[in-house]
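Student: First the structure, then my questions, so here it is.
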């Protein structure tokens, strides 16, 4: 009982101490750089919680990170390193926008169809490295990284050649394909929060159910842990590798579809990667590849990213300093092993002092 209570206490205490140490170190960095940390952090928290609109926008920022974090974590849990979430996110965005622009259907068909198109496109794009891994033993890290650039350049080409409107982007999707929901947006002072957050939380629950509550999920995890033993047990390793990669891509494509259908309603020609896929790697690692951990890590990441804009505008702290401060906070949260060690050291010292007092 005492051990279980200690574990629960550590599960809450260690992340809080890690965040506190990260904030204190960030404050020290701001002081060294000549900025007032109280003003800086005041602007950060005001940016996140200053109004209902800001809370809604923070949730909007969190939404794609949950999708990409789940995508990376699903691959990790099944023994794969999907570094190509970025490309799958972009391809999913394009497919969703194409369906949203080209078709004119009732909303109850159009929005689900456009969203599903994005999911399937992400899954099919991820199937390429999955098949190369299963059939030719090509390492997925190399292929997924390369496919990120192929996705970006191909999507830019398709928009510029076939889908470009009067500006450097596609036409706007029909309103029937949008994931915006006015009552939800109105609840947060008409911010750009959309139905994607509900879908992301639903996917996090399904992530848990599929991997830990079904025989299929057990098989996928088994192949990841030990492909040789799984093959000896009669499981199809190539089939499970491709399936795992496709599900990971499906989740990444869902993120891209939610972002394009819920926030912008179009897809612009991009000179660089949007970055959600790479942030998803950090979110998955920070969240220990578990659904609850990923949601919490996405909240931390998304909140810091959205609130940091206010640090720049209100407290006039340069972007470089803000980026370092955010990185330091995340670093301490990720390095929870070091924080646990510090907590243990701090607890042993009073006990040792107490024993020394008794002896005298």
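Numbering (my numbering), first residue to last: 936 to 1295.
Where is the CB? At the ideal position from N, CA and C, for every residue including glycine.
What you are looking at is a predicted structure, and each value in this text was computed from that prediction instead of being measured.
Which residues bound the alpha helix (DSSP H) around residue 1373?
Tutor: For the chain, the structure presents residues 936 to 1295; residue 1373 sits outside this window and is missing.
Student: Closest to residue 1169 by C-alpha separation, out of 1155, 1186, 1181, would be which residue?
Tutor: The shortest C-alpha separation from residue 1169 is found at 1155.
Student: From this set, 1060, 988, 1048, which residue's C-alpha is nearest residue 898's C-alpha?
Tutor: Outside the shown range of the chain (936 to 1295) lies residue 898, about which nothing can therefore be said.
Student: Is residue 1203 near residue 997, with beta carbons less than 7 Å apart?
Tutor: For residue 1203 and residue 997, no; Cβs fall outside 7 Å.
Student: Return yes when the Cβ of residue 1181 is within less than 7 Å of the Cβ of residue 979, no when it is not.
Tutor: No, the Cβ-Cβ distance between residue 979 and residue 1181 is not below 7 Å.
Student: DSSP state of residue 1149, grouped into three classes?
Tutor: Three-state result, residue 1149: coil.
Student: Just tell me which of 994, 1042, 1015 has its CA closest to the CA of residue 1064.
Tutor: The option with the nearest alpha carbon to residue 1064 is 1015.
Student: With distances taken from CA atoms, which of 1175, 1208, 1095 is nearest residue 1150?
Tutor: The residue with the shortest Cα to Cα distance from residue 1150 is 1175.
Student: According to DSSP, is residue 1295 part of a helix, a strand, or is it coil?
Tutor: Only weak support exists for where residue 1295 lies, its pLDDT of 41 falling under 50; the coordinates are left without a value.
Student: Can you give me the start and stop residues for the alpha helix (DSSP H) that residue 1200 sits inside?
Tutor: Taken as a continuous stretch (DSSP letters only), residue 1200 belongs to no alpha helix (DSSP H), as it is neither H nor E.
Student: Where DSSP assigns a beta bridge to residue 893, which residues make up the other side?
Tutor: Any answer about residue 893 is impossible in this case: the structure gives the chain only from 936 up to 1295.
Student: Thinking residue 1045 and residue 1129 are a contact (beta carbons under 8 Å), I'd like their distance in whole angstroms, please.
Tutor: Between residue 1129 and residue 1045 the Cβ distance is about 15 Å, and since that is not below 8 Å, they are no contact.
Student: Buried or exposed: which applies to residue 1103, given that a residue is buried once 16 or more other Cβ atoms fall within 10 Å of its Cβ?
Tutor: It is exposed - the Cβ of residue 1103 has fewer than 16 other Cβ atoms within 10 Å.
Student: Tell me whether residue 969 sits in a helix, a strand or coil according to DSSP, three-state version.
Tutor: In the structure shown, residue 969 sits in coil (DSSP, three-state: anything other than H, G, I, E or B).
Student: Tell me whether the stretch 1113-1133 and the stretch 1211-1221 touch, counting them as touching only if at least three CB pairs, one residue from each stretch, are closer than 8 Å.
Tutor: In short, these stretches do not touch, since the Cβ pair count stays below three.
Student: What separation, rounded to the nearest whole angstrom, lies between the Cα atoms of residue 1185 and residue 1145?
Tutor: So the two alpha carbons sit approximately 14 Å from each other.
Student: Among residues of its own chain, excluding the 5 on either side of residue 1294, which ones have a beta-carbon nearer than 6 Å to its beta-carbon?
Tutor: Confidence is the limiting factor: at residue 1294 the pLDDT is only 46, short of 50, which leaves the residue's position unreliable, though a coordinate-based value still follows. Around residue 1294: no qualifying Cβ.
Student: Cutting at 8 Å between CB atoms, please list the residues of its own chain near residue 1062, excluding the five before and the five after it.
Tutor: Result list for residue 1062: 1177, 1180, 1181, 1184, in chain order.
Student: From which residue to which residue does the alpha helix (DSSP H) around residue 1097 run?
Tutor: Looking at the DSSP string, residue 1097 is not in any alpha helix (DSSP H), and its letter there is neither H nor E.
Student: Less than 7 Å between the C-beta atoms of residue 1031 and residue 1053, yes or no?
Tutor: Yes. Within cutoff.
Student: If you compare alpha carbons, which of 1043, 1255, 1140, 1159 is closest to residue 1001?
Tutor: The candidate whose alpha carbon is nearest that of residue 1001 is 1140.
Student: Residue 1348 lies in the alpha helix (DSSP H); which residues open and close that run?
Tutor: Missing from the structure shown is residue 1348; the chain here goes from 936 to 1295 and no further.
Student: Near residue 1190, what residues of its chain come up, given a Cβ to Cβ distance below 6 Å and the 5 sequence neighbours on each side ignored?
Tutor: Excluding sequence neighbours, residue 1190 sits near 999, 1002, 1003, 1024.
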